[in-house]
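Numbering (the numbering used here), first residue to last: 2 to 395.
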């Protein structure tokens, strides 16, 4: 496909030689549209400066220059003629200035001073230069009599860049209880070819899955977005804790250059069980005016895999009649909450405190929080006394 990319900013100068000193604005005698060069570039398109009116009167430029098409990475030989500038005058001298001529990259374009043939001296790279070409007509004394003639070299994008994955490997995780249709990770690839053409249109696919159990198609990939989705039941962390997918990105909408990479998927424990308090009532006592005293330990059980994030717990006090008097922390075995005093308790001011304690798993995962509430009444008599706490499950 042809991509209209602006390659170099050049000024093409047509200088009169032995002619009366006049050149006026006119219309370009060229058909509208892209000037395509022949495959072997034997016939070179010509852009003509129109014959102008006598005298020095200027008029507004009315012509529009169609682009000249030339492929990137052409093998040559060079210099290769790509177009011709023609003046209405028979004897003129042509020259070019600007980027690609006398400015970097110097010498990329040249022009025959007598014939006006514009040549390229080496292979073009569409991904490198995006500029204009401008043509001018002047008299022998250098006075400009023509506004710049703007030309565009359309570099034909060649599919010379394969896609590249933005990382390799891609890492993802999925809870084993996830159902079909859950999208949990995305892979991406970029392509440096012209984004307006199919040369940069990337499509994704899965080449293989290791291990292939319990189904060789446990996952599918969205060919356009790269999103990876659960495609089959049977995720089993104990038997198949990890999958490696060989993935492919291909341009030309899946029919061009290809690159491969990997996606490593870890199957994680699902939070299938809520933590449960072991009993529904407690009898506790606590000395008055003592900070850091252990009020009660609240053991819990959880049916998920021991030591997994779905099994580990954390506790919070979410309601307290006497704010700030108690703390709660998770015990070292991860299966109990420990309530301690944070401020001195005063029996005369308040001899009973009611707390609302919540236990939940350390990592919730894909499930809603699994929460249990405990209402705990605490007496702070100077003489040991007892209080009763009631467990209330949601």
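Built from N, CA and C at the ideal position, the CB exists for glycine as well.
Since the structure is predicted, the reported quantities are computational estimates derived from the model, not experimental observations.
Q | Nearest-angstrom Cβ-Cβ length linking residue 111 and residue 120, presumed shorter than 8 Å | A | 5 Å
Q) Of the choices 77, 287, 82 and 76, whose alpha-carbon is the least far from that of residue 69? A) 82
**Q.** residue 193: CB within 7 Å of a non-hydrogen atom of the ligand FMN
**A.** Questions concerning the ligand FMN fall outside what the structure shown contains, since it holds no ligand whatsoever.
Q. Roughly how many angstroms separate the alpha carbons of residue 371 and residue 318, rounded to a whole number?
A. Reliability of the predicted coordinates at residue 371 is poor, the pLDDT of 44 falling under 50, and the value obtained from them is presented with this limitation in mind. Using only the alpha carbons, I get a separation of about 16 Å.
**Q.** Uninterrupted beta strand (DSSP E) stretches inside the stretch 191–227 (no shorter than 3 residues)
**A.** 204–211 and 220–222
Q: Compare the beta carbon distance of residue 296 and residue 229 with 8 Å and say whether it is the shorter of the two.
A: no
Q | Whether residue 310 touches residue 270 by CB criterion (8 Å) | A | yes
Q) How many angstroms separate the CA atom of residue 233 from the CA atom of residue 261? A) 24 Å
Q: Taking residue 240 and residue 289 to be in contact with their CB atoms under 8 Å, please state how far apart those CB atoms are, rounded to whole angstroms.
A: Actually they are not in contact, since the Cβ atoms of residue 240 and residue 289 sit about 57 Å apart, beyond 8 Å.
Q: Please look up how many angstroms separate the CB atoms of residue 224 and residue 255, rounded, as I've assumed it's under 8 Å.
A: 7 Å
(Q) Less than 8 Å between the C-beta atoms of residue 126 and residue 194, yes or no? (A) no
Q: Confirm, please, whether the CB-CB distance from residue 264 to residue 173 is below 8 Å.
A: yes
Q. Going by the CB atoms, is the gap between residue 248 and residue 221 shorter than 8 Å?
A. no
Q) Would residue 313 pass as a contact of residue 363 if the rule is Cβ separation under 8 Å? A) yes
Q) Using DSSP with H/G/I as helix, E/B as strand and the rest coil, what is residue 186? A) strand
Q | C-alpha distance - residue 97 paired with residue 104, whole-angstrom precision | A | 10 Å
Q | Under the three-state DSSP convention, the category residue 77 falls into | A | coil
Q.
What does the Cβ neighbour count give for residue 77, buried or exposed, with the cut at 16 atoms within 10 Å?
A. exposed
**Q.** Contacts around residue 179, its chain only, beta-carbon distance under 6 Å, and the 5 residues preceding and following it disregarded
**A.** 231
**Q.** Local Cβ density within 10 Å of residue 1, reported as buried at 16 or more and exposed below that
**A.** The chain is shown from 2 up to 395; residue 1 falls before or after that span and cannot be answered.
Q: Using only alpha-carbon positions, find the residue among 315, 325 and 157 that is nearest to residue 332.
A: 315
Q. Does DSSP classify residue 84 as helix, strand or coil?
A. strand
**Q.** Residue(s) in a DSSP beta bridge with residue 72
**A.** 157
Q.
Rounding to the nearest angstrom, what Cα-Cα distance links residue 338 and residue 276 in this structure?
A. 12 Å
(Q) Between which residues of its own chain and residue 320 is the CB-CB distance below 6 Å, once the five residues before and five after are set aside? (A) 357
Q: State the beta-bridge partners of residue 174 as determined by DSSP.
A: 267
Q: Give me whichever residues DSSP pairs with residue 304 in a beta bridge.
A: Its beta-bridge partners do not exist; DSSP assigns none.
Q. Count the other CB atoms within 10 Å of the CB of residue 155; is the residue buried (16 or more) or exposed (fewer)?
A. buried
**Q.** C-alpha distance - residue 116 paired with residue 75, whole-angstrom precision
**A.** 24 Å
Q) How big is the Cα-Cα spacing for residue 199 and residue 334? A) 58 Å
Q. Can you list, in chain order, the residues of its chain whose CB lies under 6 Å from that of residue 118, leaving out five sequence neighbours each side?
A. 82 and 85
(Q) Beta-carbon within less than 6 Å of residue 328's beta-carbon, same chain only, minus the 5 sequence neighbours each way: which residues are those? (A) 341 and 343
(Q) Between 171, 354 and 196, which has its C-alpha nearest residue 161's C-alpha? (A) 196
Q: Taking all protein chains shown into account, decide if residue 257 is buried (16 or more other Cβ within 10 angstroms of its Cβ) or exposed.
A: buried
**Q.** Sequence-distant residues of the same chain with beta carbon closer than 7 Å to residue 305, five excluded per side
**A.** 270, 272, 273, 274, 311 and 312
**Q.** Beta-carbon proximity check, residue 190 vs residue 166, cutoff 8 Å
**A.** yes
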